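With our numbering applied, the sequence shown has no gaps in its numbers, which climb one by one up to 510 at the end. For every residue, glycine included, the Cβ atom is placed at its ideal position computed from N, Cα and C. Note that the coordinates shown come from a computational prediction; the quantities given were computed from them, not determined experimentally.
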Amino acid sequence: MSLIDIVLFLFIIAPIITLIHEFGHVSGSFVYKATHIFIHIGRGAPIIKKNLGYLQFNINSLYMLGGGSNYHFNHDLLPYQRALIAFLGPLFNFIVFLMLLFLFGIHSDYLLISLAIWFNLWLAIVNMIPFQRKNKASDGLVIWDAIKDIYTNYKMNKVDK
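Here you go:
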């Protein structure tokens, strides 16, 4: 692995894969009619801001350090809707993982392709683990909380009858 490979992965490939993950969440928020969608890639001060209707997109100065997305709705989401939006980020990464694996095989001759394959899988798996860091819940925790809400509502409705 050369220094050029590391730089290309950190500064180009990883941010693109992160963007794919966030587009997964955004696709779900479109389905449930979000009134405002905010996507950011990286941490730090914004270096690029783009508004496209109700979609705001920022690329921050440390753009290689993750990303995130937030949505606003004029209505409360049902638990399964929250779970689906959370699930779509890892699902998009898993689909890209499978596509790259199908196209290039498990042992690609190109290191950057191999890194992209495995980083997509890693991002899909790690984001499905339920955890919270500071005030940010992982996709897995959002899904877990939604499942608990569905179960609690089911039990309450069953008791009421």
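Take residue i as the anchor and find which of the options has the nearest alpha-carbon.
i: ILE361; options: ILE390, TYR503 and PHE372; result: ILE390
i: ILE474; options: MET413, ASP498 and ASP488; result: ASP488
i: SER351; options: ASN506, LEU464 and HIS424; result: LEU464
i: GLY377; options: PRO364, GLY438, GLN481 and MET413; result: GLY438
i: ILE444; options: TYR429, ALA432, TRP471 and GLN430; result: TRP471
i: ILE396; options: ILE386, PHE387 and ASN407; result: ASN407
i: GLN405; options: ALA486, PHE387 and ALA495; result: PHE387
i: TYR317; options: PRO428, PRO364 and LEU414; result: Since the displayed the chain opens at 350 and closes at 510, residue 317 lies outside it and no answer follows.
Quick one, are the C-beta atoms of residue i and residue j less than 8 Å apart?
i: THR367; j: GLY416; result: yes
i: ILE462; j: PHE451; result: no
i: ILE369; j: ASN442; result: yes
Taking DSSP's pairing of strands, which residues face residue i in a bridge?
i: LYS504; result: Partner(s): none; LYS504 has no beta bridge.
i: LYS485; result: ARG482
Given a threshold of 16 other Cβ atoms within 10 Å of its Cβ, counted over all protein chains shown, does residue i qualify as buried or as exposed?
i: ARG380; result: Looking at the sequence itself, residue 380 is Val, so the reference to Arg does not match. So VAL380 ends up on the exposed side.
i: VAL375; result: buried
i: PHE422; result: exposed
i: GLY402; result: exposed
i: SER410; result: exposed
i: TYR412; result: buried
i: ASN469; result: buried
Item to check | 3-residue-minimum beta strand (DSSP E) runs that sit fully inside the region 366-442, ordered along the chain | outcome: Here the runs fully enclosed are 385-401 and 404-421.
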